[in-house]
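For reference, the structure discussed in these notes is given below.
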Amino acid sequence: MAFSVSDFQDLLELLRANPDWRQKLWELLASEELLRLPAETRALREETNQQWRQLRELIAQLAEAQRRHYEEFAAHRQETDRRFAELAEAQRRTEERVGR
């Protein structure tokens, strides 16, 4: 029994008309690896999205920590500048007393 082009066209039409047949034929023709590919791709995409979310959160935490450190540094610098100004003033007064 030969399978003609006409028979093939009929098969295609039947498959178009019956999606469940098409799915069963696909499962029969495709390898196990190929059949697992959509689920594995979805899992990989979700894992990648989760990693990006974690990375964005870590970056936000680092930015917040950097902001806090900068504020602490600015406060320490202001206090250091104030103390140096006091020392300079004390030095000036000492020099005045010694110079008299």
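Start counting the sequence shown at 1; every next residue gets the next number (our numbering).
Glycine included, every Cβ here is placed at the ideal spot set by N, Cα and C.
All values derive from a computational prediction rather than experimental measurement.
CB contact flag (residue i, residue j, <8 Å)
i   : j   : result
E46 : L35 : no
L14 : W21 : yes
Cβ-based neighbour list, residue i, same chain, cut-off 7 Å, excluding 5 preceding and 5 following
i   : result
R97 : none
E40 : none
Same chain, Cβ closer than 6 Å to residue i, neighbours up to 5 away in sequence not counted
i   : result
A74 : none
R53 : none
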